[in-house]
Each structure stands twice: as C-alpha cells, then as structure tokens.
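Let me begin by presenting the structure, written as structure tokens, before commenting on it.
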C-alpha cells in the first residue's frame, strides 16, 4: 500500500520535473506568471527592501561619510573575535543538529505511519512552545544547582558540578535543541519521497548495508540535508535570545553586539555596518548553496 | 423611528466615538518605563493620582528603548512624552540634543537631591549596587565589602556581575584594589581589567533583575553585585540571602521628555508630580527603591526604611554618570575587547 503510494508520488514528482524542464526552455513561458508576483514584490520592496537600504546607508553615512565604520569593525580584535564566535557557534550548532536530526527523521520515516505522525507532532510541539520558556528550562536543567548536576552528584558519578551553562556548551546545547525541528522537517520530507525500491535494488545488486547507506541513501537525502543545514546555519547566525541567556559574556555573538550598539550606545553607524556584514555573508552562503544544489536554477548542471 | 436607517445610526455613533476620543487625546500623555513591577508602581504612585487631580489621562507604554527614542526624535514623530531612562543615558541624550530642557518653574528643583537632577532630566528613583550573598554558600563568614568578590580562597564559588558596560563593575574592581572612593575618576581601565582578570573565570554575568535573583537564590553564585531592591525582594520571599551596604554604589533612573514630545506641558506637570515628596515616598514604599526628593524620607514606612539606600548614605559611593555619559562608548569598546579575550 505504502509502496504503491510512494511509487505514485515519485511518478508525479518525475512528471513535475519534466514539466519544469520544458518550461526552462523558453524565456517567455518562464516569465509568464510574473504579474502574479507583483503584489508580493511591491509589499517586500516597500516594507522590507526600502528600510533595509536605509539601514545599510547608515553604515557608510554615520557619523561621517566613508568606510570608517567598517575600518573600526575590522581593526578592533574584539569585533573579529565576535565574528569568529558567531561562525563557530553557528557551524557547531548546524553539525550537531544534523547529527541528531538525521536519525530522528529516519526513525519517523521508518516506523508505522501512525507512530510517525505522533513523533512528528512531538517535534512540532516543541516549536510552538515559547522560546523564552524553553531557554529558561535549559537553564534549570543545566546550571550548577540544576537537575542534571544534582542527579549526577547524588549518584556519585561526579563530585564537582559540571559547568554546562554560561559558556559555549550551554549555547550549543540550547540552540541545537531549538534547531533540530528545522532539520527534521525538510529531511523527513525528502526521506519520505525516496522510493524504498531503490534501496532494495541496491542490495539485490550486491551492495553491503554500509555502502547502500553511504552511496545510495545518503546522496538521495542530499536536498533535505542541504536545505535543513543551510536554514539552521543562517538562523543561528542571527540568534539572540538563547546565547544571551545560556552563554557567557565571552561568547558574545554578532546579534548581541548589534543590539548593544543600537540600544545602549546609539551607535547606529557601526551597528548597520555589522548588520551589512551579516547580510553579505548570508547571501554568499545562499549563493553557494544554490550552486551546490543540482535542482536549483543557478546550478552548474541541471541534469542528474 | 430614529433607527430607521442602520447605516446612518452606525455612522452617527462612530462620529460620536471619534469626537469623544479626540477630546480625550487632547488631554493625555504617554508614559514609558521598563515594565514589570516597577512600572506598575509608577502607575499606582504617580499616574493614577495625577489623572485624578488634573484630568490628564496617562497612557502606559514600554519598555524603554533608547534606539526607538532616537528614531522618534529623528523622524519628528514623537509618540512618547515621559520616558524613564538610566542616568548616564539621560546626560548623553541631552548632549546629543534628543531631550527637551525641563521647566523648573513647574518642577521644584530645590527639593531634589542635586545628584539626581539636571537641566534635561529629573530623578525617577535611585538605587544602589550592593554586595549580596547566599548565606548557605558563604557560611558564617559574611562578606563585608567588594574585596570579598576577589577573595576566592575565603569565598569559593561563582560571582554574579552586571553584564553591560555601564557604571558599576569597573568602579567596584578599583575599590577592591584599594583606590579611594574620591579618586575613582577618571577610571583607570587597565587597573580595573587587571583586577577583574583575577576572577574572570568565576564570573557569571547577569543582564536583568530576574536573572540575577535566580542566580543568587539558587546558589548558582555565592555572592555578587546586585540591585538593592532585588535582594530585598528575595529576603521578603524568605530566600537565604544577605546583603552588605558597605561601599554601596549609587545609580539612578531619570525621567526625561524627548525633543518634540506632543504633550510637553502635561509632561512637565507629570514630572513635577512624580518628583514631589509624596510621589517619591509612595513609589519608594511600593518598590524599595530610594526617593530622590529630600523631603520624602520622613514619609517612608518604618519597616522598609532601613532597607533603602537612604539609610546607608555614609557608606555610599557615587557613580559618576556625567563621566560615563562622555566616555561610555570608548569604555565599551575596551570592555568588549577584554570580555571576549
């Protein structure tokens, strides 16, 4: 039953791909739906792009015209450190949530349908709970006098509380937990669409379970891994609440730096320079992602 | 008969509502503060009696956001009439031209402690950074002054310090290092950071009052630098925390009027009322923050009075907001550099 269903869906997907292929061919057809986009474009242009440009202009106009803010940003070792912090935390969080999210997504795909839906609902449920409440819960769990440390000490496993919060460990634990749903959802969708027959064919042709996994299953999961990973990485770059509560001051990330400059010191020039940097990096990553994704319009090869 | 045409009736009703609300709008002002129990007390102590006496409605808004304040003044569309801000910001904003000068024909300047009034702002309340400790963690040996923070042998465990580059942490480090209270300014940053380096790995930074209370009450930290009102609240709840008022560092909030505020006249009257002896005393009794009006002290509740900074004047060390208003930004650059090192 499920095999038939997924068979059908893969056929539909194939048809859609072919249709997209022919649409790619002629330019006029490609832009046919453009007028439908106008309202959304107008809205974004007016309420997103225009203010954004205004913001970026401040970076080169305040307090005096020129690149002074950027110079200051790169000259001070503290800011370089903050930038480095931001990337290492985002990278670490992405890797860990991929490692934890992959088996979870796989489990959801493999278990009987009803169970899978329950598991997925539990993952979604965590997204609907207040971010602040979830972050504070981690604080209660991880702090020196918290549940985990008390239990471990009562069991005699440790005699000094582990330092799991107000440092990098705390930030990475808290953020990975928040990001896992963003990995699981796209990844699970991708896995669901993989035809189990392909894996069967692999093993019939003599592939060991390992090579079947690494050379058949994993490549098929690539779109989900890529889109989930990119989303998590980009979101982590701009995260504020969790690092502010679970991190130490030594682990300051770029968003916190920007807020400090905007709110406490009214130094909007350097804040927008830092924001521009964050945007530029994000766009660059997005471009790289599109290049690596074979299905994307700017990919080097459209054929698989 | 009158309701024959529902559309007309609705329109007429709408017109009534609109004219009524515009009549009210002419006599109202927006008050902005930090939210929570502080703003509740400000409403109860200042806004409600003020509305009753003058008929001017006070709309509560918030939280205070310096970036927003600046944006409003720059755009010329100022929605806020009275804003509760930190003292050093009040002075800096005044020098940047973001604030209206106050009318001291309406506000009685001579009744206000001169530490807490300037041409562009009048004290909202004042408070002290005090040395708070968890009694379970420090044992019978109660810490006395800021040097206890740096004595990790006698007082093991983490220390809680205020996270932002603002008046307080650098001063207490210098005091602990032996600098005399009247020699603090200009701040010797290098010396302060060197002193802080000795406990850097033991510091947990707090960014807000609730967070600091959680750290102290749970024993996550043994001792640290806290707002006096927050430690008092913990003691009221029966938490095992103690406090030392020695070298308590005085800091204040100011009430200011953003440049171009729409209800300037009403705002001046509101400030006069809030900074009056009665307004200040009522607010202090509700919050355990100290009054800026010198005549308020006798109106304080007898059981609360010993827990206010006003009862510990001889131990006070004044933080220099004017110095911070001028050098805050430069200090913060060095502060960040030291933090992430």
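Residue numbers (our numbering), protein chains in the order written: chain A, 128 to 431; chain B, 977 to 1317. All residues carry an ideal CB built from backbone N, CA and C; glycine is no exception.
Out of curiosity, what's the CA-to-CA distance linking residue i and residue j?
i                       : j                       : result
residue 1006 of chain B : residue 211 of chain A  : 42 Å
residue 331 of chain A  : residue 320 of chain A  : 21 Å
residue 205 of chain A  : residue 1311 of chain B : 9 Å
residue 130 of chain A  : residue 356 of chain A  : At residue 130 of chain A the pLDDT is 41, less than 50, meaning the model places this residue with poor confidence and gives no usable figure here.
residue 1267 of chain B : residue 261 of chain A  : 38 Å
residue 1239 of chain B : residue 1228 of chain B : 25 Å
residue 224 of chain A  : residue 353 of chain A  : 13 Å
residue 273 of chain A  : residue 231 of chain A  : 27 Å
residue 308 of chain A  : residue 1119 of chain B : 47 Å
residue 1075 of chain B : residue 1054 of chain B : 11 Å
residue 1086 of chain B : residue 1289 of chain B : 19 Å
residue 334 of chain A  : residue 235 of chain A  : 24 Å
residue 1265 of chain B : residue 1275 of chain B : 14 Å
residue 1037 of chain B : residue 1009 of chain B : 7 Å
residue 999 of chain B  : residue 209 of chain A  : Confidence in residue 999 of chain B is poor, its pLDDT being 45 and thus under 50, which makes the residue's placement unreliable; the coordinate value appears in the next sentence. One C-alpha to the other measures close to 52 Å.
residue 1233 of chain B : residue 1083 of chain B : 13 Å
residue 1088 of chain B : residue 200 of chain A  : 43 Å
residue 386 of chain A  : residue 364 of chain A  : 14 Å
residue 171 of chain A  : residue 1052 of chain B : 25 Å
residue 1153 of chain B : residue 1247 of chain B : 40 Å
residue 312 of chain A  : residue 336 of chain A  : 25 Å
Tell me which residue opens and which closes the beta strand (DSSP E) that residue i is part of.
i                       : result
residue 1076 of chain B : Careful: residue 1076 of chain B lies outside any beta strand (DSSP E) and carries neither H nor E.
residue 301 of chain A  : Segment 295-320 is the alpha helix (DSSP H) holding residue 301 of chain A; no beta strand (DSSP E) there.
residue 1264 of chain B : Per DSSP, residue 1264 of chain B belongs to no beta strand (DSSP E) and is neither H nor E.
residue 1004 of chain B : 1004-1008
residue 1109 of chain B : 1097-1110
residue 1232 of chain B : 1217-1232
residue 1059 of chain B : 1058-1062
residue 1033 of chain B : 1033-1037
residue 1246 of chain B : Run containing residue 1246 of chain B: none in the beta strand (DSSP E); it sits in the alpha helix (DSSP H), 1240-1250.
residue 228 of chain A  : Premise fails: residue 228 of chain A lies in the alpha helix (DSSP H), 204-237, not in any beta strand (DSSP E).
Could you tell me if residue i is buried or exposed, where buried requires 16 or more neighbouring beta carbons within 10 angstroms of its beta carbon?
i                       : result
residue 348 of chain A  : buried
residue 1242 of chain B : buried
residue 1143 of chain B : buried
residue 1077 of chain B : exposed
residue 418 of chain A  : exposed
residue 1039 of chain B : exposed
residue 277 of chain A  : exposed
residue 242 of chain A  : exposed
residue 245 of chain A  : exposed
residue 1071 of chain B : exposed
residue 165 of chain A  : exposed
Name the chain A residues whose beta carbon is nearer than 9 Å to that of residue i?
i                       : result
residue 1011 of chain B : Under the 9 Å cutoff, chain A gives no residues; its nearest Cβ is about 14 Å from residue 1011 of chain B.
residue 974 of chain B  : Lying outside 977 to 1317, the shown extent of chain B, residue 974 of chain B is not represented and no answer is given.
residue 1304 of chain B : 391 and 392
How would you list, in chain order, the residues of chain B whose beta-carbon sits under 7 Å from the beta-carbon of residue i?
i                      : result
residue 209 of chain A : 1316
residue 248 of chain A : Simply none; closest approach about 32 Å.
Would you kindly report the start and end of the unbroken alpha helix (DSSP H) that includes residue i?
i                      : result
residue 170 of chain A : 161-171
residue 353 of chain A : 345-364
residue 389 of chain A : Taken as a continuous stretch (DSSP letters only), residue 389 of chain A belongs to no alpha helix (DSSP H), as it is neither H nor E.
residue 185 of chain A : 177-188
residue 261 of chain A : 258-269
residue 244 of chain A : 240-255
Residues of chain A with CB closer than 8 Å to the CB of residue i, please, in chain order.
i                       : result
residue 1180 of chain B : 293 and 375
residue 1038 of chain B : Those within 8 Å of residue 1038 of chain B in chain A number zero; the least Cβ separation is about 14 Å.
residue 1113 of chain B : Here the premise fails: no neighbours, minimum Cβ distance about 10 Å.
residue 1139 of chain B : 376
Is there at least one non-hydrogen atom of the ligand NAD closer than 8 Å to the beta-carbon of residue i?
i                       : result
residue 1282 of chain B : Ligands are entirely absent from the displayed structure, and the ligand NAD is therefore not among its contents.
List the residues of chain A that residue i touches, going by C-beta distances under 7 Å, in chain order.
i                       : result
residue 1183 of chain B : 371
residue 1308 of chain B : 392
residue 1195 of chain B : 272
residue 1046 of chain B : 393
Which chain B residues sit within Cβ distance under 9 Å of residue i?
i                      : result
residue 212 of chain A : 1316
residue 203 of chain A : 1309, 1312 and 1313
What residues from chain B crowd round residue i, counting only those whose CB sits closer than 8 Å?
i                      : result
residue 379 of chain A : 1312, 1315 and 1316
> Would the region 1060-1074 of chain B and the region 1284-1301 of chain B be scored as touching if the rule is three or more Cβ pairs under 8 Å?
Replying inline: yes
> Counting Cβ pairs, one atom from each stretch, are 3 or more of them under 8 Å apart for the region 1249-1261 of chain B and the region 1116-1133 of chain B?
Replying inline: no
>> Does the structure place the region 1275-1287 of chain B close enough to the region 336-343 of chain A that three or more beta carbon pairs sit under 8 Å?
In response: The region 336-343 of chain A makes no contact with the region 1275-1287 of chain B; the number of CB pairs closer than 8 Å stays below 3.
> Are three or more beta carbon pairs between the region 298-318 of chain A and the region 1181-1188 of chain B nearer than 8 Å?
Replying inline: no
> Given 8 Å as the limit, is there contact between the region 1208-1226 of chain B and the region 1158-1174 of chain B, that is, 3 or more CB pairs closer than that?
Replying inline: no
>> Quick test of the definition: if touching needs 3 or more C-beta pairs under 8 Å, does the region 1102-1121 of chain B touch the region 1198-1206 of chain B?
In response: yes
> Taking three-plus beta-carbon pairs below 8 Å as touching, is the region 363-377 of chain A in contact with the region 175-188 of chain A?
Replying inline: no
> If we count Cβ pairs, one from each stretch, closer than 8 Å, do we get three or more for the region 1044-1059 of chain B versus the region 1011-1018 of chain B?
Replying inline: no
> Just checking, does the region 1019-1028 of chain B make contact with the region 1254-1263 of chain B on the three C-beta pairs under 8 Å criterion?
Replying inline: yes
> When the Cβ atoms of the region 1175-1183 of chain B are set against those of the region 242-258 of chain A, are three or more pairs found closer than 8 Å?
Replying inline: The region 1175-1183 of chain B, when compared against the region 242-258 of chain A, does not touch it at the 8 Å Cβ threshold.
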